[in-house]
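Visitor:
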Amino acid sequence: MNVEQQDKYMVFMAQEKSKYRDGYVTVEERKSYESELLLLRAFRVSDDTLPMLASRGVLA
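The opening position of the sequence shown corresponds to residue 1 in this note's numbering, with each subsequent residue numbered one higher.
Here's what the structure looks like:
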């Protein structure tokens, strides 16, 4: 690896470390996940699927 590539890599790694300093998920990723989860829960689940979801603990 040449010096320029190594410098770019070190800058990238520093950015990633600062982005994930509070854990494995950033605030933006958590908000995106929660909004998608709300959207998915808005869809009606058929009666055929409900027993399978309940047995997996999804409807808890």
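Even for Gly, the Cβ is constructed at its ideal location relative to N, Cα and C.
Bear in mind that the values here come from a model prediction, so they are computed numbers and not experimental data.
At which residues does the alpha helix (DSSP H) containing Asp-7 begin and terminate?
Guide: 3-19
Visitor: What residue range is occupied by the uninterrupted alpha helix (DSSP H) comprising Arg-41?
Guide: 27-41
Visitor: Do Tyr-33 and Thr-26 have their C-beta atoms within less than 8 Å of each other?
Guide: no
Visitor: Roughly how many whole angstroms lie between the Cα atoms of Leu-40 and Glu-4?
Guide: 45 Å
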